[in-house]
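Engineer: Supplied in structure tokens, the structure appears directly below.
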Amino acid sequence: MASENKVDQKFLRFLTFLFDVPIIALLTVLIIFKRIRDARAIMIFLTFFSIIQTSEWFYFIKTGDYPKYRKFSFLVNMISYTSGSLLLILTKSNKIYIAIGLSYFLSGAFLAVINKLGYKISGHAPGIAGPGTAIGIIYGAIGFLFLLLLIPAGYAKIRIKDHTFMEFASGTVATILITYLSFYIMGII
Numbered sequence: 002m003a004s005e006n007k008v009d010q011k012f013l014r015f016l017t018f019l020f021d022v023p024i025i026a027l028l029t030v031l032i033i034f035k036r037i038r039d040a041r042a043i044m045i046f047l048t049f050f051s052i053i054q055t056s057e058w059f060y061f062i063k064t065g066d067y068p069k070y071r072k073f074s075f076l077v078n079m080i081s082y083t084s085g086s087l088l089l090i091l092t093k094s095n096k097i098y099i100a101i102g103l104s105y106f107l108s109g110a111f112l113a114v115i116n117k118l119g120y121k122i123s124g125h126a127p128g129i130a131g132p133g134t135a136i137g138i139i140y141g142a143i144g145f146l147f148l149l150l151l152i153p154a155g156y157a158k159i160r161i162k163d164h165t166f167m168e169f170a171s172g173t174v175a176t177i178l179i180t181y182l183s184f185y186i187m188g189i190i
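Following the working numbering, the numbering of the sequence shown begins with 2 at its first residue and continues without gaps.
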């Protein structure tokens, strides 16, 4: 029975990595690329919103310390999201990519402040909620189906006790609102 629980925990942890920011960011670029072919924006987006984030995984695998990983993750994200967003703006990339970059940056900043104030809010949920909302804005109702990925991701994070339902839900709702705000700021909606 104990070994089954350990296998279940490992599978759930694997799911959390499968639905983590770098994977979802890569998937988002592939989906959006079909509609908006901006090679420069895609390279910036992949570098600063996907590839750099994979360094977090190596840190977690090496330390196995989730609380330290979480702090490291926020630091890496804020540096790369800020840099990536600025590069998207400076290179005059497509407004959609700038809006998505702005969404990542604003969501990351919001989560960092809330977590610093002592309330634990999911940093995992925004990695799906933001891109899902962006894809929905771009592709319409069918694009919002991407948000269904929140179900297995939320289930896994709650089952392995990384988050409560409210922590996951608050990260989701905050990021959906921030993504709409980002697209509004860019004049897309």
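The C-beta atom is built at its ideal place from N, Cα and C for all residues, glycine as well.
Ala-40 by DSSP, collapsed to three states: which one?
Structural biologist: Your numbering for residue 40 matches position 39 in the sequence shown. It is helical.
Engineer: Closer than 8 Å is the cut-off here; do at least three beta carbon pairs connect the region 27-38 with the region 89-101?
Structural biologist: Short answer: they touch.
Engineer: Apart from the five residues on each side of it in sequence, which residues of its chain come closer than 8 Å, Cβ to Cβ, to Ile-136?
Structural biologist: Position 135 of the sequence shown, counted from the first residue, corresponds to residue 136. Result list for Ile-136: Thr-29, Ile-32, Ile-33, Gly-144, Phe-145 and Phe-147, in chain order.
Engineer: If you count every other CB in all the chains shown that lies within 10 Å of the CB of Gly-131, and 16 or more means buried, which is it?
Structural biologist: Here residue 131 refers to the residue found at position 130 when the sequence shown is read from its first residue. Buried, by the Cβ-count rule.
Engineer: Roughly how many angstroms lie between the CA atoms of Lys-117 and Arg-71, to the nearest whole one?
Structural biologist: Locating residue 117 in the sequence shown gives position 116, where the first residue counts as 1. Locating residue 71 in the sequence shown gives position 70, where the first residue counts as 1. Taking the straight line joining both Cα atoms gives about 12 Å.
Engineer: Please list the terminal residues of the continuous alpha helix (DSSP H) segment that includes Ser-108.
Structural biologist: Sequence index remark: in the sequence shown, residue 108 carries index 107 (1-based). Note, Ser-108: alpha helix (DSSP H), 96-117.
Engineer: Could you pull out every residue in the same chain whose Cβ sits closer than 7 Å to the Cβ of Ser-56, ignoring the five residues on either side in sequence?
Structural biologist: Stepping through the sequence shown from its first residue, residue 56 is reached at position 55. Around Ser-56: Val-77.
Engineer: In angstroms, rounded to a whole number, what distance separates the CA positions of Arg-160 and Thr-173?
Structural biologist: Working through the sequence shown from its first residue, we reach residue 160 at position 159. Working through the sequence shown from its first residue, we reach residue 173 at position 172. Near 17 Å, if we compare the C-alpha coordinates of Thr-173 and Arg-160.
Engineer: As an exercise, report each continuous alpha helix (DSSP H) stretch of at least 4 residues that is fully enclosed by the region 108-184, in chain order.
Structural biologist: Listed in chain order, the complete alpha helix (DSSP H) runs (minimum 4 residues) inside the region 108-184 are 127-140 and 151-160.
Engineer: Quick one: is Asp-39 buried, meaning 16 or more other Cβ sit within 10 Å of its Cβ, or exposed?
Structural biologist: Taking the sequence shown and counting its residues from 1, the one referred to as residue 39 is at position 38. Under this definition Asp-39 is a buried residue.
Engineer: Does the separation of the CB atoms of Trp-58 and Phe-18 fall below 8 Å?
Structural biologist: Counting from one through the sequence shown, the residue named residue 58 turns up at place 57. Counting from one through the sequence shown, the residue named residue 18 turns up at place 17. In contact: Trp-58 and Phe-18 (Cβ atoms closer than 8 Å).
Engineer: Looking at the structure shown, is Met-79 part of a helix, part of a strand, or coil, going by DSSP?
Structural biologist: Translated into the one-based positions of the sequence shown, residue 79 becomes position 78. Looking at Met-79 - three-state DSSP - the assignment turns out to be helix.
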